[in-house]
Amino acid sequence: MGKKGILLVNLGTPDSPEVADVRRYLDQFLMDERVIDIPAFNRTLLVKGIIVPFRSPKTSKLYKEIWDENGSPLLYFSKIQAAMVQQKLGDDYHVELAMRYQRPSIPAALERMKSALVESVHVVPLFPQYASASTGSVIQNVMEIVGKWPTIPPVSFVNSFHDNKLMIETFADNARKYHPENYDQILFSFHGLPERQLIKCDHSGQHCLKKENCCASLTDVNKFCYSAQCHDTARLIAAELDIPAEKYSVCFQSRLGKEPWVQPYTSEVLKELAAQGKKRLLVFCPAFVADCLETLYEVSVEYHEEFKALGGEQVQLVASLNDHPKWIEAMVELSKN
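With the sequence shown counted from 1, adding 1454 to any position gets you my numbering.
1. So, at 8 Å on beta carbons, what are the nonlocal neighbours of S1588 in its own chain, with the 5 sequence-adjacent residues on each side left out?
2. Just grab the DSSP bridge partners of W1715 for me.
3. Taking the Cβ atom as the reference point for each residue, do Y1407 and Q1540 lie within a distance shorter than 7 Å?
4. According to DSSP, is R1557 part of a helix, a strand, or is it coil?
5. Helix or strand or just coil, what does DSSP make of E1766?
6. Can you tell me which of M1621, P1558 and V1609 puts its alpha carbon nearest to the alpha carbon of E1787?
7. Note down the Cα distance separating V1600 from Q1594, rounded to an integer number of angstroms.
8. Short of 7 Å in beta carbon distance, which residues of its chain neighbour A1682, apart from the five on each side in sequence? Order them along the chain.
9. Does DSSP put N1628 in a helix, in a strand, or in coil?
10. Of the choices R1650, Q1535 and D1674, whose alpha-carbon is the least far from that of S1586?
11. I believe E1760 touches L1724 by the beta-carbon criterion, under 8 Å. Please report the beta-carbon distance rounded to the nearest angstrom.
12. How close, in whole Å, do the beta carbons of E1573 and A1563 come, if the pair is a contact with beta carbons under 8 Å?
13. Can you tell me whether DSSP reads S1703 as helix, strand or coil?
14. Y1637: which of L1690, L1736, A1729 and L1652 sits nearest, CA to CA?
15. Quick test of your reading: E1519 and Y1751, contact by CB under 8 Å. State the CB separation rounded to the nearest angstrom.
16. So, using beta-carbon positions, are V1506 and D1546 closer together than 7 Å?
17. Which term fits N1791, buried or exposed, when burial requires 16 or more other beta carbons within 10 angstroms of its beta carbon?
18. Just checking, does the region 1739-1751 make contact with the region 1769-1782 on the three C-beta pairs under 8 Å criterion?
19. I need the straight-line Cα distance from G1765 to K1780, nearest angstrom please.
Here is the structure:
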């Protein structure tokens, strides 16, 4: 029998922090119909006419702040993760790493799997919480590519792993070195999404943003809701660390544009906590499995400086999952299921 193919997919990163490469990355990313889910003509005008030309030089400067001798931290840790998963799974598996945007690409990774004569393809989108703009986009892209093959092998997907026990334990392990009990408040800052995308995922049409505390717990109605899964992840990590409910806050970062995104916004929470006299904040970013621009710069630099300007003292980032042994174990489990 042939090997079982495992495709690990993260979001993506520019080939370099230079403006041209950042422009190429942003263009591919933001032109995805699931990322900016508006009519194609409007999306093209917005992305190619406004966002990419103006945002690329600014984003290039930010990437240069986190780029190091290993290149992109996201790609660096992703390569380590894939290599360690391959080592743990052994010769019965063929592991490929891909990025939804830019390189290594999904089409190239799938082509290598086809050439290796794998007997099946199991896709693990590396996004703990399901969102149409991330996991959904990966699933659609893989199906479009494999659907054109003359012979389609068995294909399976991991939909989400927001409550994965080993992942929760890894975040808790990474936090313990900072002694969470010594901080005034714990923040779980997740990547944001437009509210309209959450509403679209409510197939009942009666729950999302209509029921009070609609994301407070997972139900049959909101089980695929990104925000509800984020709240569940935060609750589980807090429970693992014995953090009481009043000691932690769930918030959302990386807002783009002026329309309503899922709330509360991390920046607004920083203002509220500073006004309450809070001085030291410990911040988790559990939407990411590897440190990247959103963790290493947006939280560690921008939010830290913002909070200090408001009268606070410290915003301390909890490292992402990266190459933690327990997280590698979790990836192996996800690859087998």
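Just so it is clear, CB atoms sit at the ideal spot from N, CA and C, and this is done for glycine as well.
Predicted model, so just to flag it, every value in this text is computed and none were measured.
Concretely, from the data shown:
1. Short of 8 Å from the beta carbon of S1588, and not among the five residues preceding or following it, lie these beta carbons of its own chain, in chain order: L1465, R1554, P1579 and F1581.
2. BP columns for W1715 point to P1648.
3. Shown here, the chain extends from 1455 to 1791; a query on residue 1407 therefore has no answer.
4. If DSSP states are grouped into helix, strand and coil, R1557 belongs with coil.
5. Before going further, note that residue 1766 is Gly rather than Glu in the sequence given. Judged by DSSP in its simplified three-state form, G1766 adopts coil rather than helix or strand.
6. With distances taken between Cα atoms, E1787 lies closest to M1621.
7. In a straight line, the C-alpha of V1600 is about 10 Å away from that of Q1594.
8. Setting aside the 5 residues that flank it on each side, A1682 is surrounded in the same chain by C1669, L1672 and N1676, each with a C-beta closer than 7 Å to its C-beta; the list follows chain order.
9. Note: N1628 maps to helix in three-state DSSP.
10. Residue nearest to S1586 within the set R1650, Q1535 and D1674 is R1650 (criterion: CA-CA distance).
11. Confirmed, Cβ separation roughly 6 Å.
12. Under the criterion of beta carbons closer than 8 Å, E1573 and A1563 do not qualify as touching, at roughly 17 Å.
13. S1703 falls in the strand class under three-state DSSP.
14. Its Cα nearest to that of Y1637, the residue L1736 stands out among L1690, L1736, A1729 and L1652.
15. That pair is a contact at about 5 Å.
16. Cβ atoms of V1506 and D1546: not closer than 7 Å.
17. N1791 sits exposed, since fewer than 16 C-beta atoms from the chains shown fall within 10 Å of its C-beta.
18. Contact between the region 1739-1751 and the region 1769-1782 is present, because at least three Cβ pairs lie under 8 Å.
19. Taking the Cα positions, G1765 is about 37 Å away from K1780.
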